[in-house]
Every structure is written in C-alpha cells, then in structure tokens.
Amino acid sequence: DQSEDEIAQALAESGDEVGQGELIHAYQALIDKTAEEENANSSALTEAIDMAENLFEAVTRTHEAAIDSAFMRMVSSHGRKLAAAALPEQTLDPEEFAARVRSLVSSSLHAGPLDIKAWAKLTNFAEGALKTSAPFWYLHGSAGEVPIKVRRAPTVREVAPDRPPTLPKKLSSVKETAEETTTGRVDEIYHILQRLHKRLGKPLPYFEFVLHPRSFGKTCENIFHVSFLLSRGQAHMSCDESGQLMVAPVPKGTPCRPCHSYVMTFTVEQWQRIVEKLRITHPVIPE
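96 is the number that the UniProt record's numbering gives to position 96 of the sequence shown; each next residue is one higher, with no gaps.
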C-alpha cells in the first residue's frame with residue numbers, strides 16, 4: 001500500500017530523534033486503528049480526524065506532514081465508502097428529526113410542546129434558508145439562442161426612363177355639409193332649443209336638454225356645443241327657485257349680456273346618477 005510505504009519511509013528517516021519518533025508512533029497507532037475499523041461509522045471517523053488535528057499541531061517537518069497526508073487520504077477513502085453505502089438507504093426518521101430540532105431550539109428535556117421562545121428561535125434559524133432562492137443553472141447551454149440577423153441586400157428599383165413623374169392630385173373642390181362642421185351642429189342645436197322654448201313657453205332644464213341616456217360621449221359633445229351658444233350670446237343660463245340650472249335661447253338682435261365663465265366637473269358616475277334620477281329614456285338632441 002502506498003500509505004504504508006510513505007509511513008515506513010518516514011519512520012526510517014526519523015528513527016534517531018526521540019520526540020519525532022513519539023509523534024510518528026502516535027500517527028502509526030492512529031492509522032492502524034482506523035485501518036482495522038473498515039466498517040466504522042461517521043462518528044468514529046470524526047473522532048479520528050479530531051485526534052489527527054491534535055497531532056498535526058506538533059508537526060514541524062516534511063515527512064511528518066506526509067504521514068498526516070497519508071492518514072487523511074485513508075480517512076477520505078473510508079468516508080466515500082461510508083457515504084456510498086448509506087446513500088441508497090437514506091430515509092428521514094420523523095422522531096429523530098423532531099428530537100434534533102428540539103435539542104437545537106429548546107434546552108428543556110420534557111416531551112411537551114415547544115414554548116414561544118423555542119418557536120421564535122426556530123423561525124430565526126429557518127428564515128435565512130427560506131428567503132434564499134435556488135440558483136438557476138444552465139444545464140444544456142443557454143435558455144435560447146438568439147437567431148442571427150441576416151442583412152438583406154438593398155433592393156434596387158428600376159425606373160422606366162419614359163415614365164412620367166408622379167404628381168399629387170390637386171384638390172378641385174371641398175364639399176362640406178352643415179352636419180359635418182361644428183358650426184352647423186351648433187346652429188342645429190340652437191334651432192332645437194328655440195322650438196322647445198317656444199312650445200313650452202319657459203326655459204328648459206339644462207341637464208334634460210344636453211343629456212344622452214345611452215352615451216356619455218354624446219352628452220359631452222352636447223355640453224360642448226351648448227357652450228358655443230352661451231359664448232356667442234345665443235343662449236343664457238339661469239337657476240330656478242329650486243336651484244336647478246335652466247337654459248333658454250336669446251332672440252336675435254338682443255344686446256349681448258356680459259359673459260361669466262363657469263367650470264363644472266362631470267364624470268361618468270354623475271351622468272349615470274342624473275339619468276336614473278331624471279328617468280331620461282330618449283335624448284332631446286338627436287344624434
């Protein structure tokens with residue numbers, strides 16, 4: 001065996017010195033003891049390593065370190081055999097696991113439940129392991145290879161020499177109907193307001209006039225167009241005795257009143273609530 005040859009060589013070189021011989025003799029006894037216990041468990045190997053560490057503190061020469069190295073190779077060989085034999089039969093014993101956990105977090109030996117301090121200690125012990133995520137290793141290369149972009153050659157377009165140049169089409173006429181312009185829409189709403197005011201003989205409730213029961217967008221458009229009538233002086237707003245907003249047309253030729261700006265927030269929720277409260281089913285201003 002190679003380890004025995006190294007030990008024999010070290011013994012031959014150090015036979016003259018008494019202190020050195022005692023150290024080598026102790027190493028030899030430890031090696032013989034470990035070699036005899038081929039089926040030693042992990043506790044026996046750990047004990048042998050602890051003894052070797054104590055002996056290594058007295059090592060001062062090269063051949064003494066060689067003996068220690070030979071011993072560690074033999075212990076590692078036994079450890080690999082022990083691990084290979086224990087791996088297929090490795091199972092978790094719940095009782096043994098619970099006993100080890102109890103000995104780790106609690107100093108009491110009774111078999112009752114753990115106290116609050118023990119649970120807190122166990123939580124602090126396991127917190128670091130639970131917060132650590134497992135690393136992601138590329139077992140077979142990267143997750144996906146980026147395709148290489150192949151640059152295409154620029155396309156050269158051949159232009160016929162006798163082809164006339166392309167010119168943009170000239171706009172000959174613009175046809176706009178009253179319904180397609182904001183001005184036309186404002187005029188249409190003004191006529192509707194005039195007819196309803198003439199029929200009722202009094203100002204119209206503002207919200208009943210501009211609300212569209214099925215479209216919040218159409219309602220906003222009606223408010224926008226009525227604001228043009230107010231800014232032009234073609235309509236004016238007021239409040240009745242109950243504080244409700246009213247709108248009425250202003251006859252043509254009437255002197256313009258001073259305009260006052262009014263900012264109002266109007267949301268979808270408010271629109272739905274007013275439609276339900278006023279029970280509006282059809283819009284006053286048609287689409």
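All residues carry an ideal CB built from backbone N, CA and C; glycine is no exception.
Expressed to the nearest angstrom, what Euclidean distance is found between the alpha-carbon atoms of Phe216 and Trp271?
7 Å
Local Cβ density within 10 Å of Asp16, reported as buried at 16 or more and exposed below that:
Residue confidence for Asp16 is low, a pLDDT of 44 falling below 50, so the modelled location carries little weight; the figure read from the coordinates is stated next. It is exposed - the Cβ of Asp16 has fewer than 16 other Cβ atoms within 10 Å.
Opening and closing residue of the alpha helix (DSSP H) in which Cys220 lies
Phe216 to Arg232
Secondary structure at Val263, three-state DSSP: helix, strand or coil?
coil
Distance between Pro213 and Cys256 (C-alpha atoms, nearest Å)
33 Å
Coarse secondary structure for His212, derived from DSSP in three states
coil
Backbone secondary structure at His282 - three-state DSSP:
coil
Nearest to Val59 (by Cα), restricted to the options Ser103, Thr183 and Ala26:
Ala26
Measure the alpha-carbon distance for Asp32 versus Phe71 and round it to whole angstroms.
10 Å
Short of 6 Å in beta carbon distance, which residues of its chain neighbour Lys218, apart from the five on each side in sequence? Order them along the chain.
His212
Counting Cβ pairs, one atom from each stretch, are 3 or more of them under 8 Å apart for the segment 204-211 and the segment 243-262?
Taking 8 Å as the limit for Cβ pairs, the verdict is that the segment 243-262 does touch the segment 204-211.
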